[in-house]
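Peer 1: Protein chains in written order, with UniProt numbering: chain A, 1 to 187; chain B, 1 to 187.
Just dropping this structure here.
Number of protein chains: 2
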Amino acid sequence: MSRQMVRPGGRSARVQASVHAAVRELASEVGRDALTVPLVARRAGVTPSTIYRRWGDLQELLSDVAVERLRPDTAPEDHGDLASDLTAWAEQFLDEMASPAGRAYVRDALLGDPDGGNAGRCSAYAAEQVGILLARATERGESTPDVETVVDRVVAPLMYRILFRPDGLDASYAGRLVAGILGHGDR
Amino acid sequence: MSRQMVRPGGRSARVQASVHAAVRELASEVGRDALTVPLVARRAGVTPSTIYRRWGDLQELLSDVAVERLRPDTAPEDHGDLASDLTAWAEQFLDEMASPAGRAYVRDALLGDPDGGNAGRCSAYAAEQVGILLARATERGESTPDVETVVDRVVAPLMYRILFRPDGLDASYAGRLVAGILGHGDR
């Protein structure tokens with residue numbers, strides 16, 4: 001997590017935006033493993049000490065950039081009922097997180113994250129998206145599990161298998177997890 | 001994962017044992033963040049190039065050592081029935097993995113693991129222990145879920161929350177996960 005609070009539009013926010021942009025550009029040009037703090041600083045037009053002061057080291061900067069990339073930029077699609085909504089969301093979550101880029105971001109987010117704040121933000125993003133789906137279902141009059149139950153039964157197995165046990169991970173597995181939680185009486 | 005196959009008792013196995021021991025000793029003496037390949041090599045009585053040749057870099061070595069520390073050295077205890085066995089195992093798994101040392105090992109195992117082999121070994125250890133409990137229950141005539149279902153419903157939520165969402169993680173949460181899987185009809 002960035003070491004300073006960032007006021008939108010201020011100098012600090014501009015530095016953050018240019019450093020994040022430099023990381024993204026250089027990662028696609030020279031590859032993530034070739035990144036160094038001086039290289040990023042030169043591209044961003046800041047001094048290396050600005051980066052060290054704000055982020056501590058390269059891993060913490062990469063963790064911050066990764067979390068930013070993992071932030072959903074739209075609410076999940078509305079398919080008319082909870083089973084369809086949650087299935088579509090779980091399939092898309094799996095697609096994004098299990099892709100080579102997604103795996104790299106998740107690893108970066110976890111690894112440069114001494115206080116666990118960035119991992120917590122990743123999990124909060126998923127829980128927020130799930131919360132939107134559940135609130136929509138409640139408005140329709142559907143009975144729903146709670147957010148933490150969906151985290152345990154859908155988000156956790158998907159993320160655990162992406163990180164530790166990737167064999168057999170596909171859309172039908174995501175669908176079975178959702179069916180498992182909506183098909184039983186444990187709401 | 002170590003880059004060479006290791007024949008037990010051979011020179012390669014002796015090098016591995018002394019390098020692993022050097023990492024463990026130095027980590028407790030000077031701290032994990034102060035470790036370097038030359039420091040580990042000197043303590044282990046090998047050349048740095050031996051370490052680079054076999055492990056690639058410090059991160060991959062630390063990943064190997066971490067997985068070794070996460071390997072269970074005994075079969076899980078027998079409490080007479082599956083619910084008690086699985087509850088005790090889940091509580092102990094949570095205790096070990098959520099401890100500061102456990103978290104550090106899990107992070108190290110994931111970090112220096114370009115091919116995912118070490119993360120896979122961590123998951124295989126958990127699945128093996130669960131498999132022993134389930135086989136024991138089957139012998140007793142109890143009906144049991146399968147290993148992958150226990151991974152999804154117990155192991156995955158515990159590990160996901162340890163890494164991403166640690167609030168409210170305690171023995172009663174582990175117990176609820178086990179009750180959830182044994183209390184319903186989804187076997």
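Each residue gets a CB set at the ideal place from its N, CA and C atoms; glycine is no exception.
Would you kindly check if the distance between the Cβ of Ala66 of chain B and the Cβ of Ala109 of chain B is under 7 Å?
Peer 2: The residue you call residue 109 of chain B lines up with position 109 of the second sequence. The residue you call residue 66 of chain B lines up with position 66 of the second sequence. Taking 7 Å as the Cβ cut-off, Ala109 of chain B and Ala66 of chain B qualify as a contacting pair.
Peer 1: List the residues of chain B whose Cβ lies closer than 7 Å to the Cβ of Pro145 of chain A, in chain order.
Peer 2: As a position in the first sequence, residue 145 of chain A is number 145, starting the count at 1. None at all; the shortest Cβ gap to chain B is about 12 Å.
Peer 1: Note down the Cα distance separating Val19 of chain A from Ala41 of chain A, rounded to an integer number of angstroms.
Peer 2: Residue numbering aside, residue 19 of chain A sits at position 19 when the first sequence is read from its first letter. Residue numbering aside, residue 41 of chain A sits at position 41 when the first sequence is read from its first letter. Using only the alpha carbons, I get a separation of about 7 Å.
Peer 1: Residues in its own chain within less than 8 Å of Val178 of chain A by CB, not counting five upstream and five downstream?
Peer 2: In the first sequence, counting from the first residue as 1, residue 178 of chain A sits at position 178. Same-chain partners within the cutoff: Ala83, Leu86, Thr87, Ala90, Val154.
Peer 1: Give the single residue among A:Leu62, A:Arg161, A:Ser172 whose Cα lies nearest to the Cα of Leu35 of chain A.
Peer 2: Start at 1 with the first residue of the first sequence, and residue 35 of chain A comes out as number 35. The residue with the shortest Cα to Cα distance from Leu35 of chain A is A:Leu62.
Peer 1: Going by C-alpha distance, which of A:Ala124, A:Gln129, A:Pro100 is nearest Gly116 of chain B?
Peer 2: Taking the first residue of the second sequence as position 1, residue 116 of chain B is located at position 116. Of A:Ala124, A:Gln129, A:Pro100, the residue nearest in Cα terms is A:Pro100.
Peer 1: Can you list, in chain order, the residues of the stretch 100 to 128 of chain A whose Cβ is nearer than 7 Å to any Cβ on chain B?
Peer 2: Correct list: Arg107, Leu110, Leu111, Gly116, Ala119, Gly120, Cys122, Ser123.
Peer 1: Ends of the alpha helix (DSSP H) at Arg71 of chain A?
Peer 2: As a first step, residue 71 of chain A is located in the first sequence; it is residue number 71 there, counting from the start. Note, Arg71 of chain A: premise wrong, no alpha helix (DSSP H); not H, not E.
Peer 1: Name the two residues that bound the continuous alpha helix (DSSP H) containing Leu134 of chain A.
Peer 2: In the first sequence, the residue the question calls residue 134 of chain A occupies position 134. Per DSSP, Leu134 of chain A belongs to the alpha helix (DSSP H) from 117 to 139.
Peer 1: For the UniProt domain "HTH tetR-type" (13 to 73) of chain B, which segments carrying the alpha helix (DSSP H) assignment without a break, of at least 4 residues, lie completely within its bounds, in sequence order?
Peer 2: Segments of the alpha helix (DSSP H) lying fully in the UniProt domain "HTH tetR-type" (13 to 73) of chain B: 37 to 44, 48 to 55, 58 to 70.
Peer 1: Answer with buried or exposed for Arg123 of chain B, where buried requires no fewer than 16 other C-beta atoms within 10 angstroms of its C-beta.
Peer 2: Taking the first residue of the second sequence as 1, we reach residue 123 of chain B at position 123. A small correction: the amino acid at residue 123 of chain B is Ser; Arg does not occupy that position in the sequence shown. Looking at its Cβ environment, which holds 16 or more other Cβ atoms inside 10 Å, Ser123 of chain B is buried.
Peer 1: Hey, Ala127 of chain B and Val106 of chain B are a contact pair by Cβ (cut 8 Å); roughly how many whole angstroms apart?
Peer 2: If you number the second sequence from 1, residue 127 of chain B lands on position 127. If you number the second sequence from 1, residue 106 of chain B lands on position 106. That belief does not hold up - the Cβ atoms of Ala127 of chain B and Val106 of chain B are roughly 16 Å apart, past 8 Å.
Peer 1: Is it true that the CB of Arg43 of chain B sits closer than 7 Å to the CB of Ala22 of chain B?
Peer 2: Here residue 22 of chain B corresponds to residue number 22 of the second sequence, with the count starting at 1. Here residue 43 of chain B corresponds to residue number 43 of the second sequence, with the count starting at 1. Going by C-beta atoms, Ala22 of chain B is nearer than 7 Å to Arg43 of chain B.
Peer 1: If you measure from the beta carbon of Pro157 of chain A to each beta carbon in chain B, is any gap under 7 Å?
Peer 2: One-based indexing of the first sequence puts residue 157 of chain A at position 157. Yes - at least one Cβ of chain B is within 7 Å of the one on Pro157 of chain A.
Peer 1: Between the C-alpha atoms of Tyr160 of chain B and Asp73 of chain B, what's the straight-line distance to the nearest angstrom?
Peer 2: Here residue 160 of chain B corresponds to residue number 160 of the second sequence, with the count starting at 1. Here residue 73 of chain B corresponds to residue number 73 of the second sequence, with the count starting at 1. For Tyr160 of chain B and Asp73 of chain B, the distance between alpha carbons rounds to 24 Å.
Peer 1: What first and last residue would you give for the alpha helix (DSSP H) that runs through Glu91 of chain B?
Peer 2: Residue 91 of chain B sits at position 91 when you count from the first residue of the second sequence. Note, Glu91 of chain B: alpha helix (DSSP H), 82 to 98.
Peer 1: Cβ of residue 188 of chain A within 7 Å of Cβ of Leu134 of chain A?
Peer 2: Residue 188 of chain A lies beyond the residue range present for chain A, which begins at 1 and ends at 187; the question has no answer from this structure.
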